[in-house]
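Protein chains in written order, with this note's numbering: chain U, 1 to 196; chain C, 197 to 436.
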């Protein structure tokens with residue numbers, strides 16, 4: 001077995017998952033009229049939604065800020081953000097070559113889209129919640145972005161879960177921390193070599 | 197190790213998203229109006245109702261502050277009018293629907309959270325006509341509305357309550373008010389944000405002062421006088 005995600009990275013992933021689930025769950029009820037009508041309790045749902053949003057990035061930021069223990073998480077974040085030529089080629093099936101690092105191009109794209117959509121939702125959600133200083137035009141615009149980004153986020157989450165289920169080794173890595181050597185040599189040969 | 201030829205694409209995607217966010221905040225209101233107009237032929241004739249889930253359908257969003265959807269049959273319905281009045285009265289659904297003078301209005305419906313539904317048709321009884329019928333005492337200054345959801349309340353000053361565009365509504369868009377829209381009878385306050393238009397109306401009480409800062413949302417920080425475009429920091433076009 002080769003270690004892939006350290007304990008801190010996994011904790012950050014699953015706490016962020018829980019906060020995202022709370023956000024999407026309450027957001028869906030607040031957004032879909034038929035559900036709002038059945039569930040009600042609008043003030044409570046809104047409070048849960050806002051607090052989950054405020055806390056959403058706390059695990060990641062805190063983890064990255066930890067000097068010693070945050071090392072693994074930090075290097076994953078850095079590597080996810082940097083794309084080689086091969087990563088771009090990965091996104092088109094015809095031009096695909098073996099990943100040159102720990103992640104493939106699809107994983108990097110998903111990470112960037114998650115970061116981008118979270119940023120969108122945090123900015124527009126804040127503007128919607130602390131709306132007093134802003135014009136209605138801006139508030140309506142923020143709601144517009146928040147609604148569409150929500151739909152995009154649903155698609156992204158569905159894709160993320162689908163790929164995780166299709167590749168059980170990766171899902172296990174996020175649960176237990178390590179992957180089999182055979183998987184690593186087959187799917188991430190360069191990373192397997194550098195992991196020794 | 198990141199390759200030497202690597203580029204910070206991740207950062208660019210995040211910055212790009214923030215750029216899109218800024219554009220969306222600045223121009224989203226206009227884009228939404230355009231999309232709404234473009235999609236209207238589809239959303240109007242969509243038998244599945246799925247287009248309701250798109251953020252542009254110009255639809256009502258259903259807000260309820262309690263844990264279940266209040267519902268009452270028209271045969272069980274009664275509207276109590278009491279407090280500082282000469283003749284406390286209970287009106288039946290039939291009184292509201294047929295016996296009292298009827299008024300129809302078409303106005304935009306504006307929610308304080310930003311959405312607006314254009315040209316909504318309402319029909320019902322002017323609140324003023326009901327107030328005249330029961331005889332408001334001179335000591336009364338405000339009208340307090342109670343919902344049969346058991347929680348929600350709203351208030352108007354007596355002057356606001358006597359406006360032409362304040363209805364006790366039983367009909368919306370040509371049909372009987374559904375449970376979702378506050379049926380069988382709700383308040384409709386044309387010139388104010390949606391939270392004034394209390395749903396599931398069951399009691400109208402005349403009072404001489406406002407306790408606890410006003411109605412349900414006013415106690416949670418909303419403005420007591422909820423004029424569209426001139427309260428809660430809003431500047432939308434007026435609705436009435």
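We put the beta carbon where it would ideally sit given N, CA and C, even for glycine.
Because the structure is a prediction, the values reported are computed rather than measured.
Here residue 97 of chain U has 86, 89 as same chain residues with Cβ atoms under 7 Å from its own Cβ, once five neighbours each way along the sequence are excluded. Inside the stretch 279 to 333 of chain C, DSSP marks whole beta strand (DSSP E) runs of 3 or more residues at positions 285 to 288, 299 to 306, 312 to 322, from first to last along the chain.
Residues of chain U whose Cβ lies closer than 7 Å to the Cβ of residue 204 of chain C are, in chain order, 81, 82.
For the C-beta of residue 136 of chain U, the chain C residues within less than 7 Å are, from N- to C-terminus, 310, 430, 431, 432. Under a criterion of Cβ atoms nearer than 8 Å, the residues of chain C adjacent to residue 38 of chain U are, in order, 264, 265.
Take the alpha-carbon of residue 358 of chain C and the one of residue 398 of chain C: they are about 19 Å apart. Annotation: residue 32 of chain U is outside any alpha helix (DSSP H) and is labelled neither H nor E by DSSP. Against residue 259 of chain C, the close residues of chain U are 36, 42, in the order they occur along the chain (beta-carbon pairs closer than 8 Å). At a cut-off of 8 Å between beta-carbon atoms, residue 107 of chain U makes no contact with chain C. Taking a C-beta distance under 8 Å as the contact criterion, residue 424 of chain C and residue 430 of chain C qualify as a contact pair. For residue 2 of chain U, the three-state secondary structure derived from DSSP is strand. Note on geometry: alpha-carbon atoms of residue 288 of chain C and residue 294 of chain C lie some 10 Å from one another. Per DSSP, the beta-bridge partners of residue 365 of chain C are C:320, C:382. Comparing C-alpha distances from residue 265 of chain C to each of U:26, U:46, U:60, U:35 shows the shortest one belongs to U:35.
Within 10 angstroms of the beta-carbon of residue 393 of chain C lie 16 or more other beta-carbons, which makes it buried. Flagged as an interface residue toward chain U: residue 224 of chain C, by a C-beta distance shorter than 8 Å. Legend: CB atoms of the stretch 144 to 175 of chain U lying less than 9 Å from CB atoms of chain C belong to residues 144, 145, 146, 147, 148, 149, 150, 151. No Cβ-Cβ contact shorter than 8 Å links residue 408 of chain C with residue 337 of chain C. Counting C-beta atoms within 10 angstroms of its own C-beta, residue 411 of chain C has 16 or more neighbours from the protein chains shown and is therefore classed as buried. Neighbours of residue 227 of chain C across chain U, judged by C-beta separation under 7 Å: 144.
In this structure, the CA atom of residue 341 of chain C is about 37 Å from the CA atom of residue 21 of chain U. Only 113, 115, 116, 117, 119, 120, 123, 124 from the stretch 113 to 126 of chain U bring a Cβ to less than 8 Å from some Cβ of chain C.
Only residues of its own chain outside the window of five on either side were considered, and among them 308, 389, 418, 419, 422 have a CB closer than 8 Å to the CB of residue 428 of chain C, listed in chain order. The stretch 216 to 229 of chain C makes contact with the stretch 137 to 152 of chain U; the number of CB pairs closer than 8 Å reaches 3 or more. Just so you know, the alpha carbons of residue 8 of chain U and residue 175 of chain U end up roughly 12 Å apart.
Under the DSSP assignment, residue 160 of chain U falls in the alpha helix (DSSP H) whose first and last residues are 136 to 166. Put simply, the backbone Cα of residue 325 of chain C is about 47 Å away from that of residue 149 of chain U. With respect to the C-alpha of residue 395 of chain C, the residue from C:299, C:382, C:347, C:365 having the closest C-alpha is C:382.
With contacts defined as CB atoms closer than 8 Å, residue 81 of chain U and residue 91 of chain U fail to qualify as a contacting pair.
By the neighbour-count criterion, in which 16 or more other beta carbons inside 10 Å mark a residue as buried, residue 402 of chain C falls on the buried side.
A straight line joining the alpha-carbon of residue 297 of chain C with that of residue 432 of chain C spans about 32 Å. Fewer than three pairs of CB atoms, one per stretch, sit closer than 8 Å, so the stretch 300 to 307 of chain C makes no contact with the stretch 371 to 378 of chain C.
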